[in-house]
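Asker: Take this structure first; my questions come after.
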Amino acid sequence: MRVIRSAGQNVSPSDDGRLYDQIFTDGLFEDATVTALGGNNIALSALYGVICGRDFTAEAQTINATLPEADTASGYIYVEIDTSSDDIITIGTALAPFTPTYENINTNGAVAQMVIATYEASAVAVTSVTATYAKASAGGVGSLATIEASPATANYSVGSFLVYNGTLYKVTRAIAAGEALVVGTNISATTAGAELKSLNNGLTNVIYITISAGRIKGWCYKVGKICMLTITDGTSETTTANTVLFTLPQGYRPVYQVEFVDTYGKIRMRISENGQITNVEQSTTFIRGTCVFIAQ
């Protein structure tokens, strides 16, 4: 039993790593660039990041990418920390399929790898390279999402979150249990800070559109997912019921059909999931009123 940070105590790298792993998500603290130079050469800028609570730096360098023996293939560039090796930190490349090793190097593990870029290559040269690293951020990720492996152990819907190889990802395409996790295909790296910023923008940003079609005039205000449709002036001036008077654009369409009631309490229009505003009956009656609904 000991107080790790107290007088007379030796604080080990694993002590620091265990603490910082609770504070920082894996990733790079500073932006980095990767550039194909021709052949199998890739230029990599200086790196400053953290893996499993172990912060690291790497100087700018040119690396030799692994190429396929024939045809074309996708590849990965990764940073590796191996606490059992004299070369404790290295930068490596591997062709797909590739699953990074991620052991808890602060307890009984030795190797942790983090992908920072992907590339496409032929048998003779790298044809393109894309930075895919996540930005390291404070706050930890353990309580925000399930820690996963590839292939996935559970089903995930679009918009849900998971932690893979120490990085927080947002699901961009529905994932079934047993399906491989592929960055850029079904998951995208993110941070808790980025998601909170997006949520705040959705709750506080007010946008609106003007409605003007024939004698129908008004506005549709949107705050987050809440829309308020107001008709200020209009008559349907139609000879038949169920005539499309106006079509709301994407982002302003209701999740379910909405009925528009005028100031006299009578249903005058319906707003369908496809955004079409239609009159309920043959009428030239003056329409005015407001309805509130949740947008898709």
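Yeah, the sequence shown ends on 1004 if you go by the working numbering, and it's all consecutive. From the three backbone atoms N, C-alpha and C, an ideal C-beta is built for every residue, glycine too.
If we ignore side chains and look at the alpha-carbon of each, how far apart do VAL952 and ILE883 end up?
Answerer: Within the sequence shown, residue 952 is the residue found at index 244, counting from 1. Within the sequence shown, residue 883 is the residue found at index 175, counting from 1. C-alpha separation (whole angstroms): 38 Å.
Asker: Should GLN730 be labelled buried (16 or more other beta-carbon atoms within 10 Å of its own) or exposed?
Answerer: If you number the sequence shown from 1, residue 730 lands on position 22. Counting Cβ neighbours within 10 Å, GLN730 comes out exposed, since fewer than 16 surround it.
Asker: By how many angstroms is the C-alpha of ALA839 removed from the C-alpha of LYS933?
Answerer: Walking along the sequence shown from the start, residue 933 turns up at place 225. Walking along the sequence shown from the start, residue 839 turns up at place 131. Roughly 33 Å separates the two Cα atoms.
Asker: Going by DSSP, what residues sit across from PHE737 in a beta bridge?
Answerer: Along the sequence shown, one-based indexing puts residue 737 at 29. According to DSSP, which records beta bridges pairwise, PHE737 is partnered with nothing at all.
Asker: Could you please give me the residues that DSSP links to ASN772 through a beta bridge?
Answerer: For this step, residue 772 is matched to residue 64 along the sequence shown. For ASN772, which the question treats as bridged, DSSP gives the partners ASN749.
Asker: Identify, in the order they occur along the chain, each residue of the same chain with its Cβ nearer than 6 Å to the Cβ of GLN1004, setting aside the five sequence neighbours on each side.
Answerer: As a working note, residue 1004 is residue 296 in the sequence shown. Within the same chain, GLN1004 has close Cβ partners ARG961, VAL963.
Asker: Where does the unbroken alpha helix (DSSP H) through TYR728 begin, and where does it stop?
Answerer: What you label residue 728 is simply residue 20 of the sequence shown in a count that begins at 1. Here the alpha helix (DSSP H) through TYR728 covers 721–729.
Asker: Ordered along the chain, which non-local residues of its own chain (more than five positions away) have a Cβ less than 7 Å from that of ILE919?
Answerer: For the purposes of this step, residue 919 is taken as residue 211 along the sequence shown, with counting starting at 1. Result list for ILE919: LYS925, GLY926, TRP927, CYS928, PHE954, in chain order.
Asker: Determine the extent of the beta strand (DSSP E) in which LYS930 is found, giving its start and end residues.
Answerer: Working through the sequence shown from its first residue, we reach residue 930 at position 222. In the DSSP annotation of this structure, the continuous segment of the beta strand (DSSP E) that includes LYS930 starts and ends at 924–931.
Asker: Between which two residues does the beta strand (DSSP E) holding PHE806 run?
Answerer: Residue numbering aside, residue 806 sits at position 98 when the sequence shown is read from its first letter. Here PHE806 belongs to no beta strand (DSSP E), and DSSP marks it neither H nor E.
Asker: What separation, rounded to the nearest whole angstrom, lies between the Cα atoms of VAL819 and ASP794?
Answerer: On the sequence shown, position 111 is the one that residue 819 refers to. On the sequence shown, position 86 is the one that residue 794 refers to. Between VAL819 and ASP794, the C-alpha separation is close to 13 Å.
Asker: Compute the Euclidean distance between the alpha carbons of ARG713 and ASN816, then round it to the nearest angstrom.
Answerer: Counting from 1 along the sequence shown, the entry for residue 713 is found at position 5. Counting from 1 along the sequence shown, the entry for residue 816 is found at position 108. Those two C-alpha atoms are separated by around 21 Å.
Asker: State the Cα-Cα distance for the pair ALA766 and ASP734, rounded to the nearest angstrom.
Answerer: What you label residue 766 is simply residue 58 of the sequence shown in a count that begins at 1. What you label residue 734 is simply residue 26 of the sequence shown in a count that begins at 1. Approximately 16 Å between the Cα atoms of the pair.
Asker: Between which two residues does the beta strand (DSSP E) containing GLY757 stretch?
Answerer: Taking the sequence shown and counting its residues from 1, one reaches residue 757 at position 49. Element bounds for GLY757: 755–759.
Asker: What are the partner residues of GLN821, as DSSP defines its beta bridges?
Answerer: Taking the sequence shown and counting its residues from 1, one reaches residue 821 at position 113. Answer is GLU788.
Asker: Could you tell me whether the Cβ of CYS760 comes closer than 8 Å to any Cβ of chain D?
Answerer: In the displayed structure, chain D is absent; only one protein chain is listed.
Asker: What residues in its chain sit with their C-beta under 8 Å from that of PRO776, if we drop five residues either side in the sequence?
Answerer: Sequence index remark: in the sequence shown, residue 776 carries index 68 (1-based). LEU803, ALA829, SER830, ALA831, listed in sequence order.
Asker: Does GLU738 pass the burial test, meaning 16 or more other C-beta atoms within 10 Å, or should it be called exposed?
Answerer: Residue 738 sits at position 30 when you count from the first residue of the sequence shown. Result: exposed.
Asker: Between which two residues does the beta strand (DSSP E) carrying MET977 extend?
Answerer: Numbered from its first residue, the sequence shown carries residue 977 at position 269. Taken as a continuous stretch (DSSP letters only), the beta strand (DSSP E) holding MET977 covers 975–979.
Asker: Going by DSSP, what residue range makes up the beta strand (DSSP E) through VAL866?
Answerer: Translated into the one-based positions of the sequence shown, residue 866 becomes position 158. VAL866 -> no beta strand (DSSP E), and no H or E assigned at all.
Asker: With a threshold of 16 other CB atoms inside 10 Å of the CB of GLU1018, please say whether the residue is buried or exposed.
Answerer: No information on residue 1018 is available, as it lies outside the stretch 709 to 1004 that the chain covers here.
Asker: What did DSSP end up calling ALA902 once you bin it into helix, strand or coil?
Answerer: Working through the sequence shown from its first residue, we reach residue 902 at position 194. Helix at ALA902.
Asker: Quick one: measure Cβ to Cβ for PRO808 and TYR786, integer angstroms, because I've assumed they're closer than 8 Å.
Answerer: What you label residue 808 is simply residue 100 of the sequence shown in a count that begins at 1. What you label residue 786 is simply residue 78 of the sequence shown in a count that begins at 1. The pair is a contact, with the Cβ atoms about 6 Å apart (cut-off 8 Å).
Asker: Going along the chain, which residues of its own chain have a beta-carbon closer than 7 Å to the beta-carbon of GLU811, five neighbours each way excluded?
Answerer: As a working mapping, residue 811 is identified with position 103 in the sequence shown. So the list reads GLY817, ALA818, VAL819, ALA820, once near-sequence residues are dropped.
Asker: Taking 8 Å as the threshold (C-beta atoms), are ILE975 and VAL966 in contact?
Answerer: In the sequence shown, residue 966 corresponds to position 258, counting from 1. In the sequence shown, residue 975 corresponds to position 267, counting from 1. No. Outside cutoff.
Asker: For GLY800 and VAL823, what's the separation of their Cα atoms in angstroms?
Answerer: Taking the first residue of the sequence shown as position 1, residue 800 is located at position 92. Taking the first residue of the sequence shown as position 1, residue 823 is located at position 115. Their Cα atoms are separated by approximately 9 Å.
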